[in-house]
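**Q** Heads up, the sequence shown is in the working numbering, so the first residue is 194 and it goes up one at a time.
Note that the Cβ used here is the ideal one computed from N, Cα and C, for glycine as well.
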Amino acid sequence: MQRLYPYAEVFLPTVVVGELIFGAENSSRAAQNLPRYMEFIELCEIIPIGKSTAIIYAQTNLSLKRKGRAISPNDVWIAAQCIERRWTLVTDDSDFDRVDGLIVERW
194 MQRLYPYAEV
204 FLPTVVVGEL
214 IFGAENSSRA
224 AQNLPRYMEF
234 IELCEIIPIG
244 KSTAIIYAQT
254 NLSLKRKGRA
264 ISPNDVWIAA
274 QCIERRWTLV
284 TDDSDFDRVD
294 GLIVERW
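1. Below 8 Å on the Cβ atoms is my guess for R262 versus R291; work out the distance and round it to an integer in Å.
2. When every heavy atom of the ligand MN is checked, does at least one fall within less than 7 Å of the C-beta of A272?
3. To the nearest whole angstrom, what separates the beta carbons of T253 and A272, a pair I think is in contact under 8 Å?
4. Let me know the secondary structure DSSP gives L295 once reduced to three states.
5. CB-CB under 8 Å to E238, same chain, minus the five flanking residues each way: which ones, in chain order?
Next up, the structure:
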């Protein structure tokens, strides 16, 4: 979390919140991880999915499918919300490199 300290605001798509909580609860150390993840989530602004995101989701998913480069549906939702809001997506997941118009920063 120290890498986030310089930033005044950190935004999380709703789908990311679900992924984080699932990851914590599904881990072998759920009792330790869940409180840490919840603390992080509380520091962030959670952004709900709207109609514009859904439209970009459909366009992005179709583009990926047509190129034969599909990624998981949750990743498409995350990418769509980042594209819509012109956010930089901080991730180490290389699947996001397949998404046109997405700004990715590797951490």
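**A** Let me spell this out:
1. 5 Å
2. This structure lacks the ligand MN, and indeed carries no ligand of any kind.
3. 6 Å
4. coil
5. E202, V203, F204, L205
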